[in-house]
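For reference, the structure discussed in these notes is given below.
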Amino acid sequence: MEKTFKVEGMMCGGCENRVKNALKTIDGVEDVFASHTDKIVKVKLSKEVDNATIKEKIEDIGFEVKE
Ligand SMILES: [Cu+2]
């Protein structure tokens, strides 16, 4: 299962890593792909995780989820 989010505010690889590390702390998140150039974050899940949980985690570290 994979979910894609549009994320504003990532400026470099460091931002991508911050998003990746934050999301990997969520139970059920198996892998994370983040691109600041495409402004997307893809999350690979091993079980169902609420969109709201993922969104909150990204916004907690200062980025904005568009959808
Ligand atoms: Cu950055």
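If you number the sequence shown the way the working numbering does, the last residue is 1093 and the count never jumps. Using N, Cα and C, we set each Cβ at its ideal position, and we do this for glycine too.
- The three-state secondary structure of Asp-1086, taken from DSSP, is helix.
- Residue pairing for Lys-1068: DSSP places it in a beta bridge opposite Thr-1030, Phe-1059.
- Lys-1050 is positioned such that its CB atom lies no closer than 8 Å to that of Phe-1059.
- Annotation for Lys-1070: Glu-1028, Glu-1056, Asp-1057 place their beta carbon closer than 6 Å to its own, counting only its chain and skipping 5 residues before and after.
- Taking C-beta separations shorter than 8 Å and ignoring five residues to either side along the sequence, the partners of His-1062 in its chain run Met-1036, Met-1037, Cys-1038, Gly-1039, Cys-1041, Glu-1042, following chain order.
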